[in-house]
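Asks: A single structure is presented below for examination.
Number of protein chains: 6
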Amino acid sequence: MPDVRITRRLHFSAAHRLARPEWDEEKNRHVFGDCANPNWHGHNYDLEVTVAGPVDAETGYVMDLKDLKELVNTRILDDLDHRNLNVDVPWLEGVIPSTENLVVCIWERLAPLIPPPARLEKLVLRETPRHWVEYSGE
Amino acid sequence: MPDVRITRRLHFSAAHRLARPEWDEEKNRHVFGDCANPNWHGHNYDLEVTVAGPVDAETGYVMDLKDLKELVNTRILDDLDHRNLNVDVPWLEGVIPSTENLVVCIWERLAPLIPPPARLEKLVLRETPRHWVEYSGE
Amino acid sequence: MPDVRITRRLHFSAAHRLARPEWDEEKNRHVFGDCANPNWHGHNYDLEVTVAGPVDAETGYVMDLKDLKELVNTRILDDLDHRNLNVDVPWLEGVIPSTENLVVCIWERLAPLIPPPARLEKLVLRETPRHWVEYSGE
Amino acid sequence: MPDVRITRRLHFSAAHRLARPEWDEEKNRHVFGDCANPNWHGHNYDLEVTVAGPVDAETGYVMDLKDLKELVNTRILDDLDHRNLNVDVPWLEGVIPSTENLVVCIWERLAPLIPPPARLEKLVLRETPRHWVEYSGE
Amino acid sequence: MPDVRITRRLHFSAAHRLARPEWDEEKNRHVFGDCANPNWHGHNYDLEVTVAGPVDAETGYVMDLKDLKELVNTRILDDLDHRNLNVDVPWLEGVIPSTENLVVCIWERLAPLIPPPARLEKLVLRETPRHWVEYSGE
Amino acid sequence: MPDVRITRRLHFSAAHRLARPEWDEEKNRHVFGDCANPNWHGHNYDLEVTVAGPVDAETGYVMDLKDLKELVNTRILDDLDHRNLNVDVPWLEGVIPSTENLVVCIWERLAPLIPPPARLEKLVLRETPRHWVEYSGE
């Protein structure tokens, strides 16, 4: 049974800033540069969700992409889109919303929801067209 | 003398929200939807600056692109990149930072700075890959 | 009052073939090449809808993009997406679904629906990333 | 000897539908949604062919890309481009042309043709810019 | 009869440098920066050829795109692709190969070849994804 | 501690040709085709640098992207951008500048410079949007 990876790309727009609350403005600016701007900045994020698994003999699907899109939208993107990642998202509380931390938090939330035998294989999170992160759960 | 249009694409990332201060939260949410989120959201903006004019016989240039890039960076993008468009930009004070209003404000600021015989011909401002505005000064 | 152009990009996937019913297979193949394949072929189309008009002083909008998206989806794309352009679309009956004919038919259907003072300004219809058409109603 | 992966991107346009002949229309529509439209729909597919192997000391090539392009065109794409994947392709007979099944069939056909020491390493097949599959032969 | 614009995107890769032979190295470096490197540099160029005209009632075409592609390839791109724009192209002799000069020279060569009633409407020449020029023959 | 991969995309433009000095023109043309043009040709290259490692608990970073960009620019791209890869680059001397050889040379130069615990994980070098290579140091 061939093991195929399928990917759905989705997107959201959000505000954030990078700063540690226990550091003063000067130190945050020194470490995080413009990303520490206290009045926030923001991005259009692209999220590429890759699910792997055997191809179902009846449908030819690893997983129905409409189900995957619905799952990511209702459990992840409805919380992130047009929101402030530092302030508005309960499951990011206390997390510095760097792209690295964000992709790990999305993984932990999404991986248990993929119906077996399919499995979450990889997440790619693009903060700009010139900068992205990947995570595979390890 | 042929009249050629040259374009340089640049980019910035910023936070904003759409809301009128004299309206209450409910009315802002009704008119502007998720864009009214009081904790802001943000975008990666692409700005395409088109300058038109005769081709210089010596250099083969309408305008030196390094000069154009420097001009847009120092007079426009340094004020917008990694900033909050509602709060941090003196020349946007009192303006609802819709893409339409933003492109007009950039035009008014940039057009007088292009050295003749070149002239600012068109601005394209992309808020997402699926939504953009154009303005030609009229 | 500045006149700004706003564009929303949408997409649909459809099957079609290029052939005149009164011509035989050989003539259709001669004129239209592989596009005449009697068992159809298909494309992912991108449609870029540009609306122009004055910027509303209260909202900063030329037109609410959510309204524009809803209009194009319900009146145009619901009829075209995952359909056969030669067979399934009443308002394309008798039309050879070349990209040129398709963009004109979409214009005629969409232009009267844009609420003044906004107006439909331009349509770009991309059949592949290497081939597209534009129409402005003239 | 370094082992490098080289990739060539190619494209084709085709019609298809997703449906099991032994199911009635209602069940096909329930399982496959709009993809079951009996009059077909279609896509612009992008195929990215990745070949891996040692770099030849004389040419600096893993494999001549012109040879790879010729091979994929004559053995794969000439059969798929401007065709109906359910009807026109002998080596897809009896296969539901989901993206998953299609990538596996292309792999089985293409892998034995890559001249050693190069080897087919990965195929990426994009059905839309928002949805793609990957297969590595396992 | 609607007047539609159709565009075909093509591409070529070439070497060039920007320098005036009557200027010394220092002056060329001062005016043209890194583009004056005496050992050349190069680009992947994208050329978008827009032809406008009435839609033929029989074919639904402004112009057969295969004919347009063939024309641009044989009369323009075969001379430019994998060539040195300063040295290898008879019809660029004595021209500083800035993007502006290049687009004008392509226009002058291509415009008379478009079969009426179609006409060459616009050329867009992209030197990088961040820099392009447009010319409409005036 | 999650192990995340971060990628920064950068770009440069360069001239090159593919040819072995000990072969005559005819043999070089036979093996390398148009790429052997003695007057050079050129490309816009995209370089995607992937660094992997644990996420720092204080900053949320695998590695500061500004540092990575600075490193790649000063140690790699300043030598390649607007240069001739066959002539101008000391660390490519004697190397046929195929994309495969180029990515390996960049790896060997860049890998020792990544500050632990981060490590260079993958390089993707795109010569055109239709052709790229990957290397992971093995």
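Residue numbers (my numbering), protein chains in the order written: chain A, 556 to 693; chain B, 556 to 693; chain C, 556 to 693; chain D, 556 to 693; chain E, 556 to 693; chain F, 556 to 693.
From the three backbone atoms N, C-alpha and C, an ideal C-beta is built for every residue, glycine too.
Predicted, not measured: the structure shown is a model, and the values here were computed from it.
(1) Does the beta carbon of C/LEU650 sit closer than 9 Å to a beta carbon anywhere in chain E?
(2) Could you please give the first and the last residue of the uninterrupted alpha helix (DSSP H) stretch that includes B/HIS585?
(3) Between the stretch 586-612 of chain D and chain A, which residues of the former have CB atoms less than 8 Å from a CB of the latter, in chain order?
(4) Cutting at 8 Å between CB atoms, please list the residues of its own chain near A/VAL617, excluding the five before and the five after it.
(5) Going by beta-carbon coordinates alone, are A/ALA569 and A/LEU668 separated by less than 9 Å?
(6) Taking contact to mean at least 3 C-beta pairs separated by less than 8 Å, is the stretch 571-578 of chain B in contact with the stretch 617-631 of chain A?
(7) What are the partner residues of C/LEU675, as DSSP defines its beta bridges?
(8) According to DSSP, simplified to helix, strand and coil, what is A/GLU689?
(9) Is it the case that the stretch 593-607 of chain C contacts the stretch 670-686 of chain C, given that we only count it when at least three CB pairs across the two stretches are under 8 Å?
(10) Excluding the five sequence neighbours on either side, which residues of its own chain have a C-beta within less than 7 Å of the C-beta of E/LEU626, listed in chain order?
(11) Using the Cα positions of F/GLU603 and F/ALA666, report the straight-line distance between them to the nearest angstrom.
(12) Here's the rule: buried if 16 or more other CB atoms are within 10 angstroms of the residue's CB, otherwise exposed. What is A/ARG563?
(13) Using a Cβ-Cβ cut-off of 9 Å, state whether D/VAL688 counts as contacting chain A.
(14) In this structure, does DSSP put F/ASP633 in helix, strand or coil?
(15) Would you decide whether D/THR654 is buried or exposed? Buried here means 16 or more other CB atoms lie within 10 Å of its CB.
(16) Return the residue from the list F/PRO652, F/LEU632, F/LEU675, F/ASP633 that minimises the CA-CA distance to F/ASN641.
(17) Work out the CA separation of D/LEU678 and D/TRP687 for me, nearest whole Å.
(18) By the 10 Å Cβ neighbour count, where 16 or more other Cβ atoms means buried, how is E/ARG664 classified, buried or exposed?
(19) Along chain E, in chain order, which residues have C-beta atoms closer than 9 Å to that of B/ILE561?
(20) If you run the structure through DSSP and keep just helix, strand and coil, what is C/ILE561?
(21) Please name the residue, chosen from F/ASN639, F/LEU632, F/LYS624, F/PHE567, that lies closest to F/PRO593 on a Cα-to-Cα basis.
(22) Is any beta-carbon of chain F found at less than 9 Å from that of D/VAL642?
(23) Which bits of chain F does E/ARG638 rub up against, with CB to CB less than 8 Å?
(24) Name the residues in the stretch 561-575 of chain A whose C-beta lies less than 8 Å from a C-beta of chain B; which are they?
(25) Let me confirm a value: A/TRP646 is counted as buried when at least 16 other C-beta atoms fall within 10 Å, else exposed. Which label applies?
(26) Quick one: Cα of F/ILE661 to Cα of F/ASP622, how far?
(27) Distance, Cα to Cα, E/PRO557 vs C/ASN656?
(28) Label E/GLU689 either buried or exposed according to how many other C-beta atoms from any shown protein chain fall within 10 Å of its C-beta, with 16 as the threshold for buried.
(29) Are A/LEU508 and A/ASN628 touching if we call contact CB-CB under 9 Å?
(30) From D/VAL644 to C/GLU577, what distance separates their C-alpha atoms?
(31) Where do the N-terminal and C-terminal ends of the alpha helix (DSSP H) with E/ILE661 fall, by residue?
(32) Please report how far the alpha carbon of D/GLU613 lies from the alpha carbon of F/PHE587, in whole angstroms.
(33) I'd like to know if E/VAL679 contacts chain C, where contact means its C-beta is closer than 9 Å to some C-beta of that chain.
(34) For C/LEU632, tell me which candidate among D/HIS585, D/ASP589, D/VAL650 has the shortest Cα-Cα distance.
(35) Can you give me the Cβ contacts of F/PRO591 inside the same chain, cut-off strictly under 7 Å, excluding the 5 residues immediately before and after it?
(36) With E/VAL627 as the anchor, note down where its alpha helix (DSSP H) starts and where it stops.
Replies: On the basis of the supplied data:
(1) Residue mapping note: residue 650 of chain C aligns to position 95 of the third sequence, counting from 1. The question names Leu, but residue 650 of chain C is Val in the sequence shown. Yes - at least one Cβ of chain E is within 9 Å of the one on C/VAL650.
(2) As a position in the second sequence, residue 585 of chain B is number 30, starting the count at 1. First-last of the alpha helix (DSSP H) with B/HIS585: 580-587.
(3) VAL586, PHE587, GLY588
(4) Mapped onto the first sequence, residue 617 of chain A falls at position 62. Closer than 8 Å at the Cβ level, and outside the excluded window around A/VAL617, lie VAL559, ARG560, ILE561, VAL606, ALA607, GLY608, PRO609, VAL610, ASP611, ALA673.
(5) For the purposes of this step, residue 569 of chain A is identified with residue 14 of the first sequence, where counting begins at 1. For the purposes of this step, residue 668 of chain A is identified with residue 113 of the first sequence, where counting begins at 1. No; because the gap between Cβ atoms is not below 9 Å, this pair is not in contact.
(6) no
(7) Here residue 675 of chain C refers to the residue found at position 120 when the third sequence is read from its first residue. C/LEU675 is bridged to C/VAL606.
(8) In the first sequence, residue 689 of chain A corresponds to position 134, counting from 1. In this structure, A/GLU689 counts as strand in the three-state DSSP scheme.
(9) yes
(10) Residue mapping note: residue 626 of chain E aligns to position 71 of the fifth sequence, counting from 1. Only LEU668 meet the Cβ criterion.
(11) If you number the sixth sequence from 1, residue 603 of chain F lands on position 48. If you number the sixth sequence from 1, residue 666 of chain F lands on position 111. Taking the straight line joining both Cα atoms gives about 14 Å.
(12) Residue mapping note: residue 563 of chain A aligns to position 8 of the first sequence, counting from 1. Counting Cβ neighbours within 10 Å, A/ARG563 comes out buried, since at least 16 surround it.
(13) As a position in the fourth sequence, residue 688 of chain D is number 133, starting the count at 1. It does: the Cβ of D/VAL688 has a partner Cβ on chain A nearer than 9 Å.
(14) Position 78 of the sixth sequence, counting from 1, holds the residue named residue 633 of chain F. It is helical.
(15) In the fourth sequence, residue 654 of chain D corresponds to position 99, counting from 1. The residue is buried, with at least 16 neighbouring Cβ atoms inside 10 Å.
(16) The count along the sixth sequence starts at 1 and reaches residue 641 of chain F at position 86. Per the Cα distances, F/PRO652.
(17) Translated into positions along the fourth sequence, residue 687 of chain D becomes position 132. Translated into positions along the fourth sequence, residue 678 of chain D becomes position 123. The straight-line gap from Cα to Cα measures roughly 10 Å.
(18) Your numbering for residue 664 of chain E matches position 109 in the fifth sequence. Label assigned to E/ARG664: exposed.
(19) Within the second sequence, numbered from 1, the residue matching residue 561 of chain B stands at position 6. Within 9 Å Cβ-Cβ: THR654, GLU655, HIS686, TRP687, VAL688, GLU689.
(20) Taking the third sequence and counting its residues from 1, one reaches residue 561 of chain C at position 6. Reduced to three states, the DSSP call for C/ILE561 is strand.
(21) Position 38 of the sixth sequence, counting from 1, holds the residue named residue 593 of chain F. The shortest C-alpha separation from F/PRO593 is found at F/ASN639.
(22) Locating residue 642 of chain D in the fourth sequence gives position 87, where the first residue counts as 1. Closer than 9 Å: no.
(23) As a working note, residue 638 of chain E is residue 83 in the fifth sequence. ASN592, ASN594, HIS596, listed in chain order.
(24) HIS566, SER568, ALA569, ALA570, HIS571
(25) Reading the first sequence from its first residue, position 91 is the one you call residue 646 of chain A. Per the 10 Å Cβ criterion, exposed.
(26) Taking the first residue of the sixth sequence as position 1, residue 661 of chain F is located at position 106. Taking the first residue of the sixth sequence as position 1, residue 622 of chain F is located at position 67. Roughly 17 Å separates the two Cα atoms.
(27) Here residue 557 of chain E refers to the residue found at position 2 when the fifth sequence is read from its first residue. Here residue 656 of chain C refers to the residue found at position 101 when the third sequence is read from its first residue. Computed Cα separation, rounded: 9 Å.
(28) On the fifth sequence, residue 689 of chain E is found 134 positions in, with the first residue counted as 1. So E/GLU689 counts as buried.
(29) No answer is possible for residue 508 of chain A: the residues shown for chain A start at 556 and end at 693.
(30) Taking the first residue of the fourth sequence as 1, we reach residue 644 of chain D at position 89. Taking the first residue of the third sequence as 1, we reach residue 577 of chain C at position 22. Spanning the two alpha carbons is a distance of roughly 28 Å.
(31) Position 106 of the fifth sequence, counted from the first residue, corresponds to residue 661 of chain E. First-last of the alpha helix (DSSP H) with E/ILE661: 654-665.
(32) As a first step, residue 613 of chain D is located in the fourth sequence; it is residue number 58 there, counting from the start. As a first step, residue 587 of chain F is located in the sixth sequence; it is residue number 32 there, counting from the start. Spanning the two alpha carbons is a distance of roughly 11 Å.
(33) As a position in the fifth sequence, residue 679 of chain E is number 124, starting the count at 1. Cβ-Cβ to chain C under 9 Å: no for E/VAL679.
(34) On the third sequence, residue 632 of chain C is found 77 positions in, with the first residue counted as 1. Minimum Cα distance to C/LEU632 is reached at D/ASP589.
(35) On the sixth sequence, position 36 is the one that residue 591 of chain F refers to. Sequence check: residue 591 of chain F is Ala here, not Pro. Once the five neighbours on either side are set aside, the close Cβ partners of F/ALA591 are ARG572, LEU573, ALA574, ASN583, ARG584.
(36) Locating residue 627 of chain E in the fifth sequence gives position 72, counting from the first residue. Segment 620-627, the alpha helix (DSSP H) holding E/VAL627.
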